[in-house]
Amino acid sequence: MEITSQRAGDFVDVTVIGRLDGYWADHLTKGLEDIMRQGADRIRLNLSGVTYISSMGIRVLVQFHKKLHSIHGIFLVSSPSDPVKRVLSMTGLQDVLMPATSSRAQAVARQESIRRLDRKNSTFEIFEYGAPGSTLKCRVIGAPDLIPFPDATVAVGLGAFGNSFSECSDRFGEFLAVAGAAAYLPTDGSNVPDFLLSHGAFVPELQVLYSVVCEGPLALLARFEAKQETGRVGLTELADLCLEVAGTNQAGIVIIAESAGLVGAALRRSPVGAGAGSAPFGHPEIRKWLSFTTEPSHSRALALVAGVAARSPDGALAPLLRPSSREQALVSHFHAAAFSYRPLQK
């Protein structure tokens, strides 16, 4: 089987030549997955060169139609061969995968971006997201307390799920909270992340040691894509762009993207648990307190990143931010959670 693709406006046209049977179904699946990972959510499949299609081949077509439909994308067969057209007609899939014309697909309009930016390693489209001019209210929590995290909240810090401070004293670890979802990494030795999701009247709550909490609607949405020459966009570049497009020196930021590899550190022991009196940053004690990624981890996973970035942070925020790079006067504090990959809605 031969598979080629080329971009045509909002669509990616994929041409398949050969037999689409059980042997080649996995090959087509991998090819389409790679195309989707490159950001395509509108795919036209040219099957004029396919001489045979089996039930396994049909399964691939239905699978990707469902995947793209679930994220408001488009997947259609634009040019079927006679054998393909006959099978799709007999299975009742002709109307699903072969609309009468492609105009129905073309009629699905995208929201117009208000700004486009081209950078060395990436391209960006900026969209209005919330109410124009809306801002986040940021506060710093420095005393232990039970804190709720409703939908309109972005927060990072040290905390744990539990009913009291004493119950959580040996489990406090890094957490993040975004849009009514909260997750943290316990430090009790289990090393298994846990999470809570808001539902109905239920709102996630954490016993918090310290935290940066940003409340209110997000103002802007930036869609970005790495250029093929580089294949990745650094976190510092993303944070710097967010400050630029927001026209501010500090901002709360939420990122969801496919990871090219995460680099960071995680707390291994609770700072108020047993043995907390030792010097955590001395050597060799630091090995017991922190775990580091010796190389990029969670490559090609879906990463949710939340935090704050600033060029000139105010007094309350400054102690919680650290330099993001040697080249830029940018400081930040971000936490990340990694998930198995799934396509994102544009």
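Quick note on our numbering: the sequence shown kicks off at 24 and runs consecutively.
Where is the CB? At the ideal position from N, CA and C, for every residue including glycine.
Just so you know, these numbers come straight off a predicted model, no measurement behind them.
**Message:** Using only the alpha-carbon positions, how far apart do A360 and T74 sit?
**Reply:** Taking the CA atoms as reference points, A360 sits about 45 Å from T74.
**Prompt:** Can you pull the DSSP bridge partners for L70?
**Reply:** L70 pairs with P103.
**Asked** Exposed or buried, F304, counting other C-beta atoms within 10 Å across all chains shown (16 or more means buried)?
**Response** Exposed is the call here.
**Request:** Put E281 into one of helix, strand or coil per three-state DSSP.
**Result:** strand
**Item:** Distance CB(E252)-CB(R142) smaller than 8 Å
**Value:** no
**Message:** To the nearest angstrom, how far is the alpha carbon of L51 from that of I26?
**Reply:** In this model, L51 and I26 are separated by some 8 Å (Cα to Cα).
**Message:** Counting only beta-carbon separations shorter than 8 Å, does L232 have a partner in chain C?
**Reply:** Protein chain content of the structure displayed is limited to a single chain, and chain C is not contained in it.
**Request:** Reducing DSSP to helix, strand and coil, say where A130 ends up.
**Result:** Unreliable positioning characterises A130 in this predicted model, as indicated by a pLDDT of 44, which lies under 50. The coordinate reading is nonetheless provided below. In this structure, A130 counts as coil in the three-state DSSP scheme.
**Bridge partners - F98, DSSP secondary structure assignment** = I66
**Request:** Could you check how far apart the C-beta atoms of R138 and V39 are, in whole angstroms? I think they sit under 8 Å.
**Result:** The Cβ separation is near 37 Å, so there is no contact.
**Prompt:** Is Q273 buried or exposed, if buried means 16 or more other CB atoms sit within 10 Å of its CB?
**Reply:** Per the 10 Å Cβ criterion, buried.
**Message:** Just to confirm the assignment, what range does the beta strand (DSSP E) spanning V231 have?
**Reply:** Its beta strand (DSSP E) spans residues E228 to E238.
**Prompt:** Alpha carbon to alpha carbon, what distance is there between H321 and G330?
**Reply:** 19 Å
**Prompt:** How far does the alpha helix (DSSP H) with F218 in it reach, from first residue to last?
**Reply:** Membership of F218 in any alpha helix (DSSP H) is not indicated; the residue belongs instead to the beta strand (DSSP E) covering D217 to L220.
**Message:** Beta-carbon within less than 6 Å of K369's beta-carbon, same chain only, minus the 5 sequence neighbours each way: which residues are those?
**Reply:** D64
**Message:** Here's the rule I'm using: 16 or more other beta-carbon atoms within 10 Å means buried, otherwise exposed. How should L220 be labelled?
**Reply:** If you draw a 10 Å sphere on the C-beta of L220, you find fewer than 16 other C-beta atoms in it, and that means exposed.
**Message:** Looking only at its chain, what residues have a beta carbon closer than 7 Å to the beta carbon of I278, apart from the 5 residues adjacent to it on each side?
**Reply:** L261 and V328
**Message:** Distance check for M121 and L243, CA to CA, integer angstroms please.
**Reply:** 36 Å
**Prompt:** With a CB to CB cut of under 7 Å and the five nearest residues on each side skipped, what residues in its chain are close to P336?
**Reply:** Q273, L344 and V354
**Prompt:** What did DSSP end up calling S320 once you bin it into helix, strand or coil?
**Reply:** strand
**Message:** The beta strand (DSSP E) that contains V163, what's its start and end?
**Reply:** Segment K160 to I164, the beta strand (DSSP E) holding V163.
**Asked** How would you label G182, buried or exposed, when you count the other beta carbons within 10 angstroms and need 16 or more for buried?
**Response** buried
**A224 versus A288 - alpha carbon distance** = 34 Å
**Prompt:** In chain order, what residues of the same chain lie with their CB nearer than 8 Å to the CB of S104, ignoring the 5 residues before and after it?
**Reply:** L70, S71, G72, V73 and T74
**Request:** Look at the alpha carbon of R255 and the alpha carbon of M113, and state the distance between them as a whole number of angstroms.
**Result:** 44 Å
**Request:** Just grab the DSSP bridge partners of S145 for me.
**Result:** A249
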